[in-house]
Every structure is written in C-alpha cells, then in structure tokens.
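Novice: Take this structure first; my questions come after.
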Amino acid sequence: MKWGILGGAFDPIHAGHLRSAEEIRELFGLERILFIPGHIPPHKSFAQVTSFAHREQMVRLAIKDNPLFFFSDAEKDPHVMSYSVETLASLRKQYGSDLELYFIIGQDAFQAITSWKEWERVFTMCHFVVMSRPAYETMDLRGILPPSFARSFSYDEEEQAFYGPADKAVYFRNVSPLDISSSNIRTRIREGKSIRYLVTEAVRAYIAENSLYI
0 MKWGILGGAF DPIHAGHLRS AEEIRELFGL ERILFIPGHI PPHKSFAQVT SFAHREQMVR
60 LAIKDNPLFF FSDAEKDPHV MSYSVETLAS LRKQYGSDLE LYFIIGQDAF QAITSWKEWE
120 RVFTMCHFVV MSRPAYETMD LRGILPPSFA RSFSYDEEEQ AFYGPADKAV YFRNVSPLDI
180 SSSNIRTRIR EGKSIRYLVT EAVRAYIAEN SLYI
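Note that numbering that gives the first Met the number 0 has the sequence shown beginning at 0, numbered continuously upward.
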C-alpha cells in the first residue's frame, strides 16, 4: 500500500491543500491521501487553533467528493501534543509494515524539520514529498539537515530523489502555485471579504453557519 499523509491545522482547509494533495497523489500513484488535522499542533498554542470538532467537519466536507481522500483522527486526543513521529508509528502499527507512507509537506515546514521530536527517526519511517516553491531546485540537503546527517543521503538522478536511512527518500516537487493560506482566509473573514473559491462551497457555508473566524 502506498498512502500519502497530509497533516496540519487545517484552520480552515482550503483549495491549496486539496490541489497539492491531488497532484502529489497522481504523481506518485498513491492509493489514498490521509488528511490528519492536529489537535494540538506543536508550534501553536491551543488558544490559537479552532476547535478540533470544527476543523474535522471542515476537512470532511472539503474531501467528501474525492473517493481517494480520507479523513484521519490519528491526532484527535485533546490531551496529547500532536507529534509526527508518534502519528507515523501509530499508522504503521494499525495498518501493518507493508504500508508505505509519503509525508507531504511544504518547503518552509521542511526547512524546520530538525525542530521536530525525534526528527532523525522520522526519516526512517516514511518518504518525504516536499512541495517546493516555483523554480526552486535543490541538489543538496546540507542547508537543511546537519552535515553529518545529510551525508547519509545519496542523490538518485533517475528518481530525482535523495535516498537515506532505511532506504527512505526525500523528493522535492513543484506543485501548482496557488497563493492561498489559512491565515489570509481568516483575515478576509474578519474584514468581511469574500472567501468564495478559496475554500470549497461546503466549507464556506459551514464557516458562515458557525460564525467562525469573525
């Protein structure tokens, strides 16, 4: 099994999340994409994030028309910080060792990966698909990872990937450049501006019905 996982606050989920996930699913022939909202994302305080129940419902509404997109409650525990290393371990335990995971991540988040809990171990548990900025190319991980760890990777020209510990790969891939952010959507709502087409219509209606972000 080859599954992609896309985590985040999804506060709210928007067209950029959906389009990027679809392009990467197609590019790597993934059988499904799991959308995993974090209950307490490590880099945000609880007070900064909309309730998990609202974010869960928005994700479910956003992906309901795609049979290859799935919601996951792997990080729903309200008392536990959401760490990727623990989520990956839980998924592999639940679905078996034959599960091949592709961790979909933005370039800026990947640049900060050494701040993650047990980040070296994460590189042995999944492949990374880094969504790069347009025209961005890299042939070296040393600007991102400590030099000693970066040297454990080798570049495969044919696959255009860095292979490292446990034969897991890091791929840098450009996706359609949709300049959309959840923070900008929240700002637009507070300013009384339209968010139509930035989110799905079902999500837009849910936000309005529940008076979110005002």
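All C-beta atoms in this analysis are idealised placements derived from N, C-alpha and C, irrespective of residue type, glycine included.
The beta strand (DSSP E) with R172 in it runs from where to where?
Specialist: 168-173 is the span of the beta strand (DSSP E), which, as asked, contains R172.
Novice: CB S81 to CB G142, shorter than 7 Å?
Specialist: Contact: no.
Novice: Return yes when the Cβ of R54 is within less than 7 Å of the Cβ of F9, no when it is not.
Specialist: Going by C-beta atoms, F9 is nearer than 7 Å to R54.
Novice: Consult DSSP for F152 and reduce its assignment to one of helix, strand or coil.
Specialist: Correct three-state label for F152: coil.
Novice: Could you tell me the distance, in whole angstroms, from the CA atom of H126 to the CA atom of N209?
Specialist: Taking the straight line joining both Cα atoms gives about 37 Å.
Novice: Grab the span of the beta strand (DSSP E) containing R31 for me, first residue to last.
Specialist: Note, R31: beta strand (DSSP E), 31-36.
Novice: What is the DSSP secondary structure of V129, reduced to helix, strand or coil?
Specialist: In this structure, V129 counts as strand in the three-state DSSP scheme.
Novice: Should the segment 62-74 be called in touch with the segment 17-24, which here means at least 3 C-beta pairs below 8 Å?
Specialist: With a cut-off of 8 Å, the segment 17-24 and the segment 62-74 count as touching, because enough Cβ pairs lie within range.
Novice: Tell me the start and end of each unbroken beta strand (DSSP E) in the segment 54-84 that is at least 3 residues and wholly inside, in chain order.
Specialist: Within the segment 54-84, the complete beta strand (DSSP E) runs of at least 3 residues are 68-70.
Novice: Quick test of your reading: A88 and I35, contact by CB under 8 Å. State the CB separation rounded to the nearest angstrom.
Specialist: No, A88 and I35 are not in contact; Cβ-Cβ is about 13 Å, not under 8 Å.
Novice: Would you kindly check if the distance between the Cβ of A14 and the Cβ of I179 is under 7 Å?
Specialist: Yes, the Cβ-Cβ distance between I179 and A14 is below 7 Å.
Novice: Using beta-carbon positions only, say whether V128 and Y101 come within less than 7 Å of one another.
Specialist: Yes; because the gap between Cβ atoms is below 7 Å, this pair is in contact.
Novice: Of the choices P176, R31, G105, E157, whose alpha-carbon is the least far from that of S219?
Specialist: Not covered by the structure: residue 219. The range shown for the chain is 0 to 213.
Novice: For S193 and Q56, what's the separation of their Cα atoms in angstroms?
Specialist: Approximately 21 Å, taken between the alpha carbons.
Novice: According to DSSP, simplified to helix, strand and coil, what is W118?
Specialist: The answer is helix: DSSP assigns W118 an H, G or I state.
Novice: For the putative contact between R187 and R195, defined by C-beta atoms under 8 Å, what is the C-beta separation to the nearest angstrom?
Specialist: Going by Cβ atoms, the distance from R187 to R195 rounds to 10 Å, so no, they are not a contact pair.
Novice: Ends of the beta strand (DSSP E) at L100?
Specialist: Segment 99-105, the beta strand (DSSP E) holding L100.
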